[in-house]
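Q: Residue numbers (my numbering), protein chains in the order written: chain U, 1 to 158; chain W, 159 to 316.
Every residue, glycine too, gets a C-beta built ideally from N, C-alpha and C.
Number of protein chains: 2
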Amino acid sequence: MITDNSTMQLLQQEMAIFIRRAEAARIAYLSEHDCDRSTYLLLQHLKKNGPVGLKAMSTSLQLDISTASRQIASLEAKGFVERTSDPKDARVSLLQLSEEGSSFLRRAKELRHQFFTLLLGEWSQEECEQFGQLLQKFNQTVEQFRQRKISLLKENEQ
Amino acid sequence: MITDNSTMQLLQQEMAIFIRRAEAARIAYLSEHDCDRSTYLLLQHLKKNGPVGLKAMSTSLQLDISTASRQIASLEAKGFVERTSDPKDARVSLLQLSEEGSSFLRRAKELRHQFFTLLLGEWSQEECEQFGQLLQKFNQTVEQFRQRKISLLKENEQ
DNA sequence: TCAATTAGTTGTAAGATACAACTATCGATA
DNA sequence: TATCGATAGTTGTATCTTACAACTAATTGA
Chain U
1 MITDNSTMQL LQQEMAIFIR RAEAARIAYL SEHDCDRSTY LLLQHLKKNG PVGLKAMSTS
61 LQLDISTASR QIASLEAKGF VERTSDPKDA RVSLLQLSEE GSSFLRRAKE LRHQFFTLLL
121 GEWSQEECEQ FGQLLQKFNQ TVEQFRQRKI SLLKENEQ
Chain W
159 MITDNSTMQL LQQEMAIFIR RAEAARIAYL SEHDCDRSTY LLLQHLKKNG PVGLKAMSTS
219 LQLDISTASR QIASLEAKGF VERTSDPKDA RVSLLQLSEE GSSFLRRAKE LRHQFFTLLL
279 GEWSQEECEQ FGQLLQKFNQ TVEQFRQRKI SLLKENEQ
C-alpha cells in the first residue's frame, strides 16, 4: 500500500506528459515511414494470433469492435490484411496478414528499433529493461483491475 | 548504446499498449469526476506558473498555440480560468486559475491519488518511485532529443 | 512611419475511440 | 422446423486531442 503522496504526484504528472510526448515523438520522427500506434498493434496482433475474427481480436485488444472494424477496413484497403470467411460461421470473417502487411510490419519494427536506439542512446541496458518491465507490469495491473472490477460489478448485480 | 533487440521490442510494445490502457482506465474509472489529461496538465501548469500568456504556456507544454487556445477557451467557459490583459502588451492575455479552477484541480488531484492508490495497491513503494522516475527520464530524453534535433536542423540550414 | 514579427483565434482536417442502431447469421427450443 | 434471442460485424454520429494554415490585432525595429 502506497501512502507517499509525492510519489503518486510524480507518477500522475509524468504519465500524462508521457502519453503526449511519446506519441508526438513518434509522429515527428517516424511518421513518414511508420504506421500509427493502432495499426502497429493490430498488425502485431494478427501476426501473432494467426487468422482471427474481429470480435476475438477486439476483445483481446480491449477495443470496441466498431473501432477495430474501421481500423481493419483501412488496413484492408492498403492491402495489409486479408479476410476469408469462416467456413464454420458465416458471420465471421477471418483476418490475417498479407505478404505486404507482413513485410510492412517487419520494416516498421526495424524503423522503430532504430529510432529507439537513437533516442535512448544514453540509457543503460538495465534502465531500458526496467522501464519495459514496469510498463508491462502497469498494463497487466490495469488489465487485472478491469477484470476484478467487472466481476465485482457482476456480483453486486446478482 | 543498446543493442538488445528483445528489450526494445518489449519497450515498444508495452509503450503502445500503455498509452491506450492508461487513458482508457482513467476514463473508465474517473471520468465522472475527473477532467481529461489535457485539462489536468493545463490547470496544473497555470497553478505552478502563475499568470502567463498563451504563447508562453503552449511553448512550455509543447502544444501548438491553437490547441492551447481552444483548450483554454473551454476551461474559461467552465469558469476555471480567468484572463486579464497584459498592461505591457495588449496582444497578450494573462491566464490564471480562478477559485473554482483551483478547487477543481485540488479535487481532481485527490481523486487521482485515490484511484492510483487503489490501482497500484499491490505495487511496492519502490516500484512506484522507479516507474515515476523512468517516465520522467523518458520525457526529459524526448525533450532533449527534440531540442538537439531542432538545433541540428538549424545548423544544417545555415 | 511602415514593414516584419508576434499573440491569439478560427477554419479545417485527421486519428482514435465509443455508443447506438442496424443487418446478417447462428442456435436453441417450442 | 420455424421463430426468436444472441452474436459478428458495419455504419452513423459524436467527442477528444491535436496540428497546420489563414487571418486579425498589436508591437517593434529600421
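Cβ atoms of W/Leu200 and W/Ala226: under 9 Å apart, would you say?
A: As a first step, residue 226 of chain W must be located in the second sequence, where it is residue number 68. As a first step, residue 200 of chain W must be located in the second sequence, where it is residue number 42. Taking 9 Å as the cut-off, the beta carbon of W/Ala226 is found closer than this to the beta carbon of W/Leu200.
Q: Can a CB atom of chain W be found closer than 9 Å to the CB of U/Glu23?
A: Taking the first sequence and counting its residues from 1, the one referred to as residue 23 of chain U is at position 23. For U/Glu23, the closest Cβ of chain W is nearer than 9 Å.
Q: In chain W, which residues lie with their C-beta within 9 Å of the C-beta of U/Ile19?
A: Residue 19 of chain U sits at position 19 when you count from the first residue of the first sequence. Going along chain W in sequence order, the residues near U/Ile19 (Cβ under 9 Å) are Phe176, Ile177, Ala180, Glu181, Arg195.
Q: Of the choices U/Leu54, U/Ala90, U/Ser60, whose alpha-carbon is the least far from that of U/Ala73?
A: Within the first sequence, the letter at position 73 stands for residue 73 of chain U. Closest by alpha carbon: U/Leu54.
Q: What distance in whole Å lies between the Cβ atoms of U/Leu95 and U/Leu61, which are believed to be in contact at a cut-off of 8 Å?
A: In the first sequence, the residue the question calls residue 61 of chain U occupies position 61. In the first sequence, the residue the question calls residue 95 of chain U occupies position 95. U/Leu61 to U/Leu95, Cβ: 12 Å. No contact.
Q: With distances taken Cα to Cα, identify the nearest neighbour of W/Gln287 among U/Glu129, U/Leu134, U/Gln125, U/Arg83.
A: Residue 287 of chain W sits at position 129 when you count from the first residue of the second sequence. According to the sequence shown, residue 287 of chain W is Glu rather than Gln. Comparing Cα positions, the closest option is U/Leu134.
Q: If you measure between the beta carbons of U/Ala25 and W/Val300, is that distance less than 9 Å?
A: Counting from one through the first sequence, the residue named residue 25 of chain U turns up at place 25. Counting from one through the second sequence, the residue named residue 300 of chain W turns up at place 142. Their beta carbons are under 9 Å apart, which means U/Ala25 touches W/Val300 by this criterion.
Q: Can you tell me whether W/Arg306 is buried or exposed, with buried defined as 16 or more other CB within 10 angstroms of its CB?
A: Residue mapping note: residue 306 of chain W aligns to position 148 of the second sequence, counting from 1. By the neighbour-count rule (16 or more Cβ atoms within 10 Å), W/Arg306 is not buried but exposed.
Q: So the beta strand (DSSP E) U/Leu120 belongs to, where does it begin and stop?
A: For this step, residue 120 of chain U is matched to residue 120 along the first sequence. Neither: U/Leu120 is in no beta strand (DSSP E) and is coded neither H nor E.
Q: Taking the alpha helix (DSSP H) that U/Gln44 falls in, what are its first and last residues?
A: Translated into positions along the first sequence, residue 44 of chain U becomes position 44. 37 to 48 is the span of the alpha helix (DSSP H), which, as asked, contains U/Gln44.
Q: Determine whether the beta carbon atoms of W/Gly259 and U/Leu10 lie at a separation below 9 Å.
A: Here residue 259 of chain W refers to the residue found at position 101 of the second sequence. Here residue 10 of chain U refers to the residue found at position 10 of the first sequence. Not closer than 9 Å, so no.
Q: Taking just the CA atoms, how far does W/Asp162 sit from W/Gln114?
A: Here chain W covers residues 159 to 316 and nothing more, so residue 114 of chain W does not appear.
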